[in-house]
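Note sheet for the following structure.
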Amino acid sequence: MKLRCHLLLRVLAFSLPLLASAADKPRVFVLTDIDNEPDDAMSLVRYLTYANHFDTEGLVATTSIHQKNHVAPQSIRRIVAAYGKVRDNLEKHEPGFPTGEQLLALVTEGVPDYGMKVVGEGHDSPGSEALIKAIDRDDPRPLWVPVWGGPNVLGQALWKIRATRPADAVSKAVAKLR
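Here the numbering used here runs 24 ahead of the position in the sequence shown, where the first position is 1.
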């Protein structure tokens, strides 16, 4: 009986972190000027090796001060496709990695122009629309938005929320962001 109790406690001890992990995963929506220099590509590769620790909700190609008229969603797709080839091997070591297909479905882009001149009426993009959908998702967890490039996708999403919603709804949406 003592041995059974001991075994049951061990099973529970090892199972509880797995059960709790889904609810504890941070929601993440990445903005990246991926083709500007190697650092963002390397950051994305590293992020994907830990993708089982996050609920990835968007991977958006943006411009930046160093890449003003070009977005590169194809570079994100290329890295995600490579991740898809090794994902099963990652799963052997730790469960919970999203599939390459799941991540590819999250790749979008911002407007291929830089700065605040592309924030406002008529400047919505697949990236800013995807960010608004992520903000609006019925989920109590905050949405983390790492900005590895220019922030105009975030700026456009916030502009549209502010332009189309009452003040209390704007406050509620903004309160979700980190």
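Backbone N, C-alpha and C define an ideal beta-carbon position, used for all residues, glycine too.
- Counting along the chain, the unbroken beta strand (DSSP E) around Val-54 starts and ends at 51-56.
- Of the candidates Leu-83, Ile-159, Pro-150, Leu-83 places its Cα closest to the Cα of Asp-64.
- Bridge partners of Asp-79 according to DSSP: Arg-51.
- In this structure, Ile-159 lies near Ala-181, with their beta-carbon atoms less than 8 Å apart.
- Gly-146 counts as exposed, since fewer than 16 other beta carbons sit within 10 angstroms of its beta carbon.
- Approximately 7 Å separates the beta-carbon atoms of Asn-176 and Val-135; this is inside 8 Å, confirming the contact.
- In this chain, the beta strand (DSSP E) harbouring Glu-133 covers 131-133.
- Taking the Cα of Tyr-107 as reference, the smallest distance to any Cα among Phe-53, Thr-188, Thr-123, Gly-151 is reached at Thr-123.
- Its chain contains no residue whose beta carbon lies nearer than 6 Å to that of His-77 once the 5 sequence neighbours on both sides are disregarded.
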